[in-house]
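Peer 1: In this note's numbering, the protein residues as written are -11 to 532.
So this is what it looks like as structure tokens:
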């Protein structure tokens, strides 16, 4: 089954992270640190590991030992009060939650969408909408695009800059407040009910708050209990619902971002073009996304490198010539990526998006993963809600997990391989993307949504062979990061340079002859060593 087929394996229907901007403590100014300390050391801390939490199989088996007769909607509960039971309750109104709510609502189910913030609200995010994201939007959804990207400038820690252009749009750029609010509006139009300003403290599937085995209790901070036949957790990377399910996370990264207003002359220089800079720490990179009169500038690297990440952000902004402009917003967040064996459900509770640790490991892109997993979660939550016993509910939940693992799981596995190569050999990856036309074409196809990274590696012999070469070179490399150990920042040791040249030659060798000739011509446009990134970088004469 292909990833595209797996993602459409839900029942029928089309189709986030309801938190305020997360704050980071690692080397980040105090202004961005207070709230994150709770996330990292409190509820979020247990969420990062969960090694002792029940697995999908263990927890669901325990639920299957007994069943009780279920009362229909609106009948009196044991205490004599009228008790309303929703078909599906979704926690978190970001892209994942809104997609889940929409998918369940268009199936005709009674859906309640809970969000702790008032909408619209700011979310730390680059705001790139790639092809897979567009494909998962509800019918009639009009993207609130701030810009359409036709060019990408790649640089290696500020050097070796090269711009590649495309006749077709590569991807769009949005502001999350407007995008998220519009997704929620579509869920509401489909029939979902929205409640904002409510915080979920926990979910219970056993105990006095739960009237029967077909019901889940969602407990709010004010003591109110909301009942549902199925729950979807889409409450972000520090998810309380994820903690209940037992989500396990193997990759945690720290991102810093600033929204920088710029004058029209600067905005015009960036119009239609983004910058991706492979950074100085292993696995790090920076970006500039133009959105009208504002540039979204950010960097990301592995958690534990807070001070170095902060320095990278400062150097990056200065190198771009943007230090003189005052950001309207400076924020930080942690991205958390699931392990292969992390559960996606427990009983009648499913998780999606950031709450499930679903994101692309290399780029840490999460919007498309949230939209896709949210749609599937909403579709399968409908089936879970219809289940008359724990065995059937478990079967439907496992079907959801299978659809995720067969689709997004395959993409994540390839993304982890790409991240491993990138952490060790960013120079090689940069040279491949900027020097080989097939690599650029693949990048363009993936961002447009006409191909997936996993699909290319699985079905395209050239792509599979190229990744195998990169894997092999990574295994034999002794360098770490762009510079390797004991090598100046932005430079490479002689063995690294030789290995990169040899590996690039091998990658060229698996390309078709006409592509090799085109790649040789393109390689002449790479700027000389020492060239720094400027607001307007050199352009490639070739377009795709």
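Quick reminder that beta carbons are idealized off the backbone N, C-alpha and C, glycines included.
These numbers come from a predicted model, not from an experiment.
1. Going by C-alpha to C-alpha distance, which of 161, 149 and 203 sits closest to residue 131?
2. Report buried or exposed for residue 155, applying the criterion of at least 16 other Cβ atoms within 10 angstroms of its Cβ.
3. Using DSSP with H/G/I as helix, E/B as strand and the rest coil, what is residue 75?
4. Going residue by residue through the region 120 to 165, where are the continuous beta strand (DSSP E) segments of at least 3 residues, counting only ones entirely within it?
5. Would you check if the distance between the CB atom of residue 346 and the CB atom of residue 356 is smaller than 7 angstroms?
6. Provide the residue span of the alpha helix (DSSP H) that contains residue 205, from first to last.
7. Residue 535 to residue 180, Cα distance in whole Å?
8. Using the three-state DSSP reduction, which class does residue 100 fall into: helix, strand or coil?
9. Got a sec, what are the start and stop residues for the alpha helix (DSSP H) residue 300 sits in?
10. Can you check whether the CB of residue 88 is closer than 7 angstroms to the CB of residue 365?
11. Comparing C-alpha positions only, which one of 188, 222, 194 and 300 sits nearest to residue 211?
12. Please classify residue 379: is it buried, with 16 or more other beta-carbons within 10 angstroms of its beta-carbon, or exposed?
13. Put residue 338 into one of helix, strand or coil per three-state DSSP.
14. What are the partner residues of residue 213, as DSSP defines its beta bridges?
15. Who are residue 290's beta bridge partners in DSSP?
16. Report the three-state DSSP secondary structure of residue 257 (helix, strand or coil).
17. Flag this pair as yes or no: are the beta carbons of residue 90 and residue 216 separated by less than 7 angstroms?
18. Leaving out five residues on either side along the sequence, give the residues of the same chain with a beta carbon under 7 angstroms from the beta carbon of residue 387.
19. When the Cα of residue 71 is compared with those of 194, 111 and 214, which residue comes out closest?
20. Residue 368 lies in the beta strand (DSSP E); which residues open and close that run?
21. What are the start and end residues of the alpha helix (DSSP H) that includes residue 232?
22. Between the Cα of residue 250 and the Cα atoms of 227, 284 and 352, which residue gives the shortest distance?
23. If I follow the unbroken alpha helix (DSSP H) through residue 393, where does it start and stop?
24. Rank 437, 442, 441 and 447 by C-alpha distance to the C-alpha of residue 121 and give the top, closest one.
25. For residue 259, count the other beta carbons within 10 Å of its own beta carbon; 16 or more makes it buried, fewer makes it exposed. Which is it?
26. Nearest to residue 273 by CA position, among 297, 170, 385 and 373, is which residue?
27. With C-beta atoms as the reference, is residue 99 less than 7 angstroms away from residue 76?
28. Applying the 10 Å Cβ sphere with the 16-neighbour rule, what's the burial state of residue 163?
29. Quick one: residues in its chain with C-beta nearer than 6 angstroms to the C-beta of residue 81, no 5 flanking neighbours on either side, listed in chain order?
30. Quick one: what's got a C-beta closer than 8 angstroms to residue 219's C-beta in the same chain, skipping five residues either side?
31. Helix or strand or just coil, what does DSSP make of residue 87?
32. Are the Cβ atoms of residue 403 and residue 315 separated by less than 7 angstroms?
33. If you follow the beta strand (DSSP E) that residue 319 is in, where does it begin and where does it stop?
34. With a threshold of 16 other CB atoms inside 10 Å of the CB of residue 224, please say whether the residue is buried or exposed.
35. Could you tell me whether the Cβ atoms of residue 325 and residue 239 are closer together than 7 angstroms?
36. Along the chain, where does the beta strand (DSSP E) containing residue 275 start, and where does it finish?
Peer 2: Reading from the atomic positions:
1. 161
2. exposed
3. strand
4. 133 to 137, 139 to 144, 147 to 153 and 159 to 162
5. no
6. Segment 204 to 208 is the beta strand (DSSP E) holding residue 205; no alpha helix (DSSP H) there.
7. It is not possible to answer for residue 535, since the shown part of the chain is limited to -11 through 532.
8. Strand.
9. 294 to 307
10. Yes; because the gap between Cβ atoms is below 7 angstroms, this pair is in contact.
11. When each option's Cα is compared against that of residue 211, the closest is 188.
12. exposed
13. strand
14. 207
15. 241
16. Under the three-state reduction of DSSP, residue 257 is assigned to helix.
17. no
18. 368
19. 214
20. Not the beta strand (DSSP E): residue 368 falls in the alpha helix (DSSP H), residues 355 to 374.
21. 228 to 233
22. 284
23. That run of the alpha helix (DSSP H) goes 378 to 412.
24. 437 is the residue among 437, 442, 441 and 447 whose C-alpha sits nearest the C-alpha of residue 121.
25. Flag for residue 259 reads exposed.
26. 297
27. yes
28. buried
29. 6, 101, 103 and 172
30. Counting only Cβ-Cβ distances below 8 angstroms, and skipping sequence neighbours, we find 76, 77, 78, 79, 191, 204, 206, 229, 336, 337, 338 and 369.
31. helix
32. no
33. Run containing residue 319: 317 to 326, per the beta strand (DSSP E) assignment.
34. buried
35. Yes, these two residues count as a Cβ contact at 7 angstroms.
36. 273 to 279
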